[in-house]
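Here's the structure, in structure tokens; my notes come after.
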Amino acid sequence: MNILFTAEYDDTLIEEVQKLGNVDIQGWAKGIGKLSEEELLSLVTDVEVIVTSYDDITEAVIDAAPSLRLIFCTRATPVNVDVDYAREKGIKVLFTPGRNSDSTAELTIGLMLSIARNIPFAYEELKKGNYTGSKDTDNQVKAGLKRDVVWGVGPQSPYVVFKGVELKGRTLGIIGYGSIGRRVAAIARGFGMRILVFDPYVSNIDVDTLTTEKVGIDRLLTESDFISVHLKVSKETENFFDKRAFEKMKKSAYFINCSRAAVVNEDDLIEALRTKQIAGAGLDVFSTEPIPEDHPFITELENVVITPHIAGATTDVLTNHTKMIIQELDRYMKQEPLLYEYK
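The opening position of the sequence shown corresponds to residue 2 in my numbering, with each subsequent residue numbered one higher.
Put into structure tokens, the structure is as follows:
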């Protein structure tokens, strides 16, 4: 079995892949980036399996690979694969659901903590040299007192300027209760948070517990102190979060998005942050990526924490999807049912 392998992988597991066939490691798997269509056309002539992350597997690429039987995309949705044409040609398209669920859930909580406790803002000021003292600062203890470590006292002290809120006792609204949403809820419970869930595709019996409740969208919007979105993009979810949604939120509430930017009207979010309609936001995804250098999230707004689409960027994710590839290719060779075929 000839395998064109252009996806990132766990170095310690690649030998297991190589036991399953002749593996040609190219492109992003070698750290040299996404392959062009022309480059792919020259590599797929005798290939039975393509394993990719970001390369565009177009109709032309598929036609150039007469032996192709499997396209394995190491993503939650194979948006870079012409799935319909592959099916017409009898080629199965596989994907890796859940490979980065823990990674994304943890970054979601990280953004919640960062915006709630002003962590990056405090860090940035210290790196600029603000709120710092000289190396000769006198910390002598007065007679009769014990040593007291206080950064500063007064309205402009960091203790006041960066005062935030705790997660404990707050309500987290989760929109989309799939693999990632459930993991976010599990971590949030550990902080002592109450969980409200909106997801039309899960039943109350799968959600409701002493700390978690399935509710309608309006109740979630009005009662939540933090709202975290975990939606796939569809006609129903595009611009799901707009001006009306932000207007229903508490002015003290925070909005977190580690899913897709398309589920949010970004202009409405900017305005909600600009007018303090909501307290702040933590965002990993944007309507244009890379984010433009003059974007308000960078140049203007001081109540938003942003990261450059790194929710799934952990070495553990590579281990997860490499294991999924190995197990699925083994099932394919044994003519067993495949677990990760994209429907």
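No residue lacks a Cβ here, since even glycine has one placed at the ideal position from N, Cα and C.
From the DSSP output, read off the bridge partner residues of residue i.
| i | result |
| --- | --- |
| residue 53 | 74 |
| residue 214 | 197 |
| residue 342 | 95 |
| residue 25 | 5 |
| residue 176 | 199, 230 |
| residue 258 | 230, 284 |
| residue 58 | 82 |
| residue 242 | 265 |
Looking only at its chain, what residues have a beta carbon closer than 8 Å to the beta carbon of residue i, apart from the 5 residues adjacent to it on each side?
| i | result |
| --- | --- |
| residue 142 | 148, 149 |
| residue 172 | 194, 195, 196, 197, 224, 225, 226, 227 |
| residue 205 | 215 |
| residue 203 | 178, 215 |
| residue 153 | 132, 159, 160 |
| residue 112 | 257, 259, 283, 284, 285, 306, 308 |
Please confirm whether residue i and residue j have their CB atoms less than 8 Å apart.
| i | j | result |
| --- | --- | --- |
| residue 158 | residue 306 | no |
| residue 229 | residue 264 | no |
| residue 333 | residue 94 | no |
| residue 29 | residue 7 | yes |
| residue 121 | residue 96 | no |
| residue 258 | residue 285 | yes |
| residue 90 | residue 56 | no |
| residue 266 | residue 242 | yes |
| residue 72 | residue 87 | yes |
| residue 199 | residue 221 | yes |
| residue 180 | residue 253 | no |
| residue 47 | residue 319 | no |
| residue 234 | residue 275 | no |
| residue 54 | residue 126 | no |
| residue 70 | residue 49 | yes |
| residue 63 | residue 92 | yes |
| residue 289 | residue 14 | no |
Which residue marks the beginning of the beta strand (DSSP E) containing residue i, and which one marks its end?
| i | result |
| --- | --- |
| residue 284 | 281 to 284 |
| residue 6 | 3 to 6 |
| residue 115 | Not the beta strand (DSSP E): residue 115 falls in the alpha helix (DSSP H), residues 102 to 118. |
| residue 160 | First-last for residue 160: 159 to 162, but that is the alpha helix (DSSP H), not the beta strand (DSSP E). |
Going by alpha carbons, who is nearest to residue i out of the options?
| i | options | result |
| --- | --- | --- |
| residue 156 | 132, 280, 326 | 132 |
| residue 25 | 38, 39, 37, 2 | 2 |
| residue 76 | 100, 327, 302 | 100 |
| residue 170 | 164, 191, 179 | 191 |
| residue 44 | 16, 4, 146 | 4 |
| residue 188 | 109, 262, 55 | 109 |
| residue 248 | 269, 262, 260 | 269 |
| residue 178 | 161, 154, 218, 144 | 218 |
| residue 213 | 52, 176, 129 | 176 |
| residue 347 | 183, 278, 271 | The question about residue 347 has no answer here: the residues shown for the chain are numbered 2 through 344. |
| residue 304 | 160, 119, 69 | 119 |
| residue 1 | 208, 98, 302, 311 | Given a span of 2 to 344 for the chain in the structure shown, any question on residue 1 remains unanswerable. |
| residue 68 | 82, 145, 281, 51 | 51 |
| residue 310 | 19, 292, 244, 336 | 292 |
| residue 41 | 74, 27, 18 | 27 |
| residue 1 | 82, 165, 246, 135 | The requested residue 1 does not occur in the structure, where the chain is confined to residues 2 to 344. |
| residue 117 | 146, 168, 245 | 168 |
| residue 237 | 201, 210, 209 | 201 |
Considering residue i, what are the terminal residues of the alpha helix (DSSP H) in which it resides?
| i | result |
| --- | --- |
| residue 307 | Run containing residue 307: none in the alpha helix (DSSP H); it sits in the beta strand (DSSP E), 305 to 307. |
| residue 297 | 297 to 300 |
| residue 1 | The structure shown does not extend to residue 1, since the chain is modelled only from 2 through 344, so no value can be given for it. |
| residue 318 | 316 to 334 |
| residue 15 | 15 to 19 |
| residue 42 | 38 to 42 |
Report all residues from its chain with a CB closer than 7 Å to the CB of residue i; omit the five preceding and five following residues, and keep chain order.
| i | result |
| --- | --- |
| residue 251 | 226 |
| residue 331 | 21 |
| residue 325 | 97, 100, 341 |
| residue 104 | 312, 313, 315, 317, 318 |
Report yes if the C-beta of residue i is less than 7 Å from at least one heavy atom of the ligand NAP; otherwise report no.
| i | result |
| --- | --- |
| residue 238 | Among the components modelled here there is no ligand, and therefore nothing to report on the ligand NAP. |
Among the residues of its own chain, which have a CB less than 6 Å from the CB of residue i, if the five just before and after it don't count?
| i | result |
| --- | --- |
| residue 1 | The structure shown does not extend to residue 1, since the chain spans only 2 to 344, so no value can be given for it. |
| residue 65 | 42, 45 |
| residue 208 | 198, 215 |
Please check if any C-beta of chain B sits within less than 8 Å of the C-beta of residue i.
| i | result |
| --- | --- |
| residue 269 | As a matter of chain content, chain B is missing from the structure shown, which is built from one protein chain. |
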